[in-house]
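*Asks:* In the UniProt record's numbering, the protein residues as written are 1 to 576. Built from N, CA and C at the ideal position, the CB exists for glycine as well. Take a look at the following structure, please.
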């Protein structure tokens, strides 16, 4: 996917990044020594020299269970990559966080066993456990050591020739031939990053990489090597520190910095933007906070299957005149009304907000207006159209050409989970900036995130993290699994609170969340989440949840492994 932005937009974004990175350079100037110290420790412990270790020593060095509290110099590679550096709280912001389960490694040990207890790794889910002997675990680890050493040699040999996308492709082809089952795992990319920070950026996984690339309106791709190339090329283009850029990425992904690019852009000229994300991720909230919260300057509409061009632009309708006779006149739609306001008051920015753009047939609804979506560097339509009714309404002159003025932005929202509605073709999408809304809690929303669901011990944050991890780890048929995740704002705080005497209020969580999980997110694989042996219909699920109390509410409807995750108190359970 390409983010086609004009020169001014690109300049504003780049300047913002440089400005923010420079601030972080000053703020963390004293931390540079700690960065270097941690990287040196990592290289000494897990770099090429570590590959000289033999047998059980190498196995434990690389893949031993995580023992919380040990100093960095005594921890395994698995622990270091998963949980950062406990001797320095800022490490995750610089080196990135993979948040990946142990079963994604070649072998792993049971963290709950006192003695070493090894399992075969490279699995899709934690339930698929296969116990192996120490000798077998050592054999697998040593085979992986050989391949890892070969990968390091390949990277070193190609490090001076990584100039363009094709060079990155060739590198990944070579690495994939050696470790085909691991090349796209987050942990292996982080391992390479720690050894080669100028080749592999500290942003791991498709979701995180896509979020940063789309947030900064850069190209992205379905291929990991291309995403890594785009990020590293951008760092080199701006001549900024990869460590400070990693800090900025951490702030962006965790909603701890509010980018002011859109505010600067929209104060200068209009844009076309589609804001998309999972249901409840806060798309409408973002529009209100970052674009305009004054209804005086907004026309807000919702697309739906029956919405038409006439509804959008306007239509000729009959009406009675003062003499009681029928006459026909043009009744302007929201598009025409907002364009007229923008022309009449060019000192103000105006906004046409279209909610749920893909729930209507957008190309048909826009009709000839589609031609106006191409904008020049000043934000005005690059091409004009002839439309006598619109021209007469706006200019009182039907011969006038129509353009979208530079002080009018069209901002749309789109739920990525809406797979059964209208699609936006490539020609239509090309004329829009696409902006992904991160499905994370803002720092200011910690109280909401920690709100417990009714009378249970499970917080809303833990619940959505467990459910979303389950969604991502399962193969959802007929649609993209990540699009079915629960948004952080899928429900309000009020929907979560327990009432002593209002049963209707207490039913809101089950009616909203459990219904969505049953009917939509797990529509084709309910057995992955729900205990369908005991109850196999939504009515029974809601009834069991409602009549139970405290944590038994979830035990009455979910599988044991899901409940185990919900009630787990492990502090490092993927940030829950």
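1) Less than 8 Å between the C-beta atoms of residue 578 and residue 550, yes or no?
2) Between the C-alpha atoms of residue 161 and residue 234, what's the straight-line distance to the nearest angstrom?
3) Which same chain residues end up closer than 6 Å to residue 185 when comparing Cβ atoms and leaving out the 5 residues on each side of it in sequence?
4) Where are the beta strand (DSSP E) runs, 3 residues long or more, that stay fully inside the UniProt domain "ATPase dynein-related AAA" (274-431), in chain order?
5) Where do the N-terminal and C-terminal ends of the beta strand (DSSP E) with residue 120 fall, by residue?
6) Residue 195 and residue 47 - do their beta-carbons sit closer together than 8 Å?
7) Would you kindly work out how many angstroms separate the C-alpha atoms of residue 87 and residue 25, rounded to a whole number?
8) Which value, in whole angstroms, describes the spacing of the CA atoms of residue 476 and residue 394?
9) Mind checking whether residue 141 and residue 102 have CB atoms under 8 Å apart?
10) Taking the Cβ atom as the reference point for each residue, do residue 219 and residue 436 lie within a distance shorter than 8 Å?
11) Does the distance from the C-beta atom of residue 177 to that of residue 51 stay below 8 Å?
12) Could you tell me the distance, in whole angstroms, from the CA atom of residue 388 to the CA atom of residue 303?
13) Between which two residues does the beta strand (DSSP E) carrying residue 485 extend?
14) Which stretch, first to last residue, makes up the alpha helix (DSSP H) that contains residue 232?
15) Of the choices 274, 404, 281, 58, whose alpha-carbon is the least far from that of residue 492?
16) Report yes if the CB atom of residue 485 is closer than 8 Å to the CB atom of residue 439, and no otherwise.
17) Evaluate the contact criterion for the region 304-320 versus the region 424-436: three or more CB pairs, one atom per stretch, below 8 Å.
18) Would you identify the three-state DSSP class for residue 436, choosing helix, strand or coil?
19) Between residue 366 and chain C, is any beta-carbon pair separated by less than 8 Å?
20) Which one of 327, 543, 351 has the shortest CA to CA distance from residue 297?
21) Taking residue 546 as part of the alpha helix (DSSP H), name the residues at either end of that continuous run.
22) Under the assumption that residue 538 contacts residue 518 (Cβ atoms under 8 Å), give the Cβ distance between them as a whole number of angstroms.
23) Hey, residue 354 and residue 412 are a contact pair by Cβ (cut 8 Å); roughly how many whole angstroms apart?
24) Taking DSSP's pairing of strands, which residues face residue 109 in a bridge?
25) How many angstroms separate the CA atom of residue 464 from the CA atom of residue 271?
26) Taking only runs that begin and end inside the region 138-210, name each unbroken alpha helix (DSSP H) of 4 or more residues, in chain order.
27) Does the region 201-210 come within contact of the region 241-253, defined as at least 3 CB pairs closer than 8 Å?
28) Helix, strand or coil: which one does DSSP assign to residue 526?
29) With DSSP collapsed to three states, give me the class of residue 493.
30) Closer than 7 Å by C-beta to residue 384: which residues in its own chain qualify, once you throw out the five before and the five after it? Chain order, please.
31) With distances taken from CA atoms, which of 345, 17, 212 is nearest residue 240?
32) Give the secondary structure of residue 441 by DSSP, where H, G and I count as helix, E and B as strand, and everything else as coil.
33) Rounding to the nearest angstrom, what Cα-Cα distance links residue 531 and residue 541 in this structure?
34) Could you check the C-alpha separation between residue 293 and residue 283 for me, to the nearest Å?
35) To which residues of the same chain is residue 397 closer than 7 Å at the C-beta, ignoring the five residues directly before and after it?
36) Any idea what DSSP makes of residue 64, helix, strand or coil?
*Replies:* Result, derived from the coordinates:
1) Past the edges of the chain, shown from 1 to 576, lies residue 578, and the structure says nothing about it.
2) Along the chain shown, read from residue 1 onward, the residue named residue 161 stands at position 161. Along the chain shown, read from residue 1 onward, the residue named residue 234 stands at position 234. Distance between residue 161 and residue 234, taken at the CA atoms: about 17 Å.
3) Within the chain shown, the letter at position 185 stands for residue 185. Closer than 6 Å at Cβ, skipping near neighbours: 104.
4) Correct list: 298-302, 314-320, 326-332, 350-355, 408-415.
5) The count along the chain shown starts at 1 and reaches residue 120 at position 120. Here the beta strand (DSSP E) through residue 120 covers 118-120.
6) By 1-based counting over the chain shown, the position of residue 47 is 47. By 1-based counting over the chain shown, the position of residue 195 is 195. Against a cut-off of 8 Å, the Cβ pair of residue 195 and residue 47 comes out as a contact.
7) Residue mapping note: residue 87 aligns to position 87 of the chain shown, counting from 1. Residue mapping note: residue 25 aligns to position 25 of the chain shown, counting from 1. Model confidence at residue 87 stands at a pLDDT of 48, short of 50, so the residue's coordinates are unreliable and nothing is read from them.
8) Sequence index remark: in the chain shown, residue 476 carries index 476 (1-based). Sequence index remark: in the chain shown, residue 394 carries index 394 (1-based). Bear in mind that a pLDDT of 44 at residue 476, under 50, signals an unreliable position, so the number given afterwards is only what the model happens to contain. In a straight line, the C-alpha of residue 476 is about 49 Å away from that of residue 394.
9) Taking the chain shown and counting its residues from 1, one reaches residue 141 at position 141. Taking the chain shown and counting its residues from 1, one reaches residue 102 at position 102. No. Outside cutoff.
10) Locating residue 219 in the chain shown gives position 219, counting from the first residue. Locating residue 436 in the chain shown gives position 436, counting from the first residue. It is not a contact, given that the beta carbons lie outside the stated cut-off.
11) The residue given as residue 177 occupies position 177 in the chain shown. The residue given as residue 51 occupies position 51 in the chain shown. The criterion of a C-beta distance shorter than 8 Å is not satisfied by residue 177 and residue 51.
12) To locate residue 388, count along the chain shown from 1; it is residue 388. To locate residue 303, count along the chain shown from 1; it is residue 303. Roughly 25 Å separates the two Cα atoms.
13) Mapped onto the chain shown, residue 485 falls at position 485. Element bounds for residue 485: n/a, residue is neither H nor E.
14) Counting from one through the chain shown, the residue named residue 232 turns up at place 232. Run containing residue 232: 224-238, per the alpha helix (DSSP H) assignment.
15) Your numbering for residue 492 matches position 492 in the chain shown. Proximity to residue 492 across 274, 404, 281, 58 peaks at 281, based on C-alpha coordinates.
16) Working through the chain shown from its first residue, we reach residue 485 at position 485. Working through the chain shown from its first residue, we reach residue 439 at position 439. For residue 485 and residue 439, yes; Cβs fall inside 8 Å.
17) Remark: fewer than three beta-carbon pairs, one from each stretch, lie closer than 8 Å, so the region 304-320 and the region 424-436 are not flagged as touching.
18) Reading the chain shown from its first residue, position 436 is the one you call residue 436. Judged by DSSP in its simplified three-state form, residue 436 adopts strand.
19) This model lacks chain C altogether; it includes just one protein chain.
20) Here residue 297 is taken as the residue at index 297 of the chain shown, counted from 1. The shortest Cα separation from residue 297 among 327, 543, 351 belongs to 351.
21) On the chain shown, residue 546 is found 546 positions in, with the first residue counted as 1. Here the alpha helix (DSSP H) through residue 546 covers 538-547.
22) Stepping through the chain shown from its first residue, residue 538 is reached at position 538. Stepping through the chain shown from its first residue, residue 518 is reached at position 518. Right, their Cβ atoms sit about 5 Å apart.
23) Translated into positions along the chain shown, residue 354 becomes position 354. Translated into positions along the chain shown, residue 412 becomes position 412. The beta-carbon separation of residue 354 and residue 412, rounded to 4 Å, stays under the 8 Å limit for a contact.
24) Along the chain shown, one-based indexing puts residue 109 at 109. DSSP lists 118 as partners of residue 109.
25) Counting from 1 along the chain shown, the entry for residue 464 is found at position 464. Counting from 1 along the chain shown, the entry for residue 271 is found at position 271. The alpha-carbon atoms of residue 464 and residue 271 are separated by roughly 33 Å.
26) Within the region 138-210, the complete alpha helix (DSSP H) runs of at least 4 residues are 165-178, 186-195.
27) The answer is yes - the region 241-253 touches the region 201-210, with three or more Cβ pairs under 8 Å.
28) Translated into the one-based positions of the chain shown, residue 526 becomes position 526. The answer is helix: DSSP assigns residue 526 an H, G or I state.
29) Here residue 493 is taken as the residue at index 493 of the chain shown, counted from 1. Three-state DSSP puts residue 493 in a helix.
30) Within the chain shown, numbered from 1, the residue matching residue 384 stands at position 384. Around residue 384: 401, 402, 403.
31) Counted from its first residue, the chain shown places residue 240 at position 240. The option with the nearest alpha carbon to residue 240 is 17.
32) Along the chain shown, read from residue 1 onward, the residue named residue 441 stands at position 441. Correct three-state label for residue 441: coil.
33) Counting from 1 along the chain shown, the entry for residue 531 is found at position 531. Counting from 1 along the chain shown, the entry for residue 541 is found at position 541. A direct Cα-Cα distance of roughly 9 Å separates residue 531 from residue 541.
34) In the chain shown, the residue the question calls residue 293 occupies position 293. In the chain shown, the residue the question calls residue 283 occupies position 283. Looking at the backbone, the Cα of residue 293 and that of residue 283 are separated by about 13 Å.
35) Position 397 of the chain shown, counting from 1, holds the residue named residue 397. Taking residue 397 as the centre and dropping the five residues before and after it, the same chain places the C-beta of 391 closer than 7 Å to its C-beta, in chain order.
36) One-based indexing of the chain shown puts residue 64 at position 64. Looking at residue 64 - three-state DSSP - the assignment turns out to be coil, as it is neither helix nor strand.
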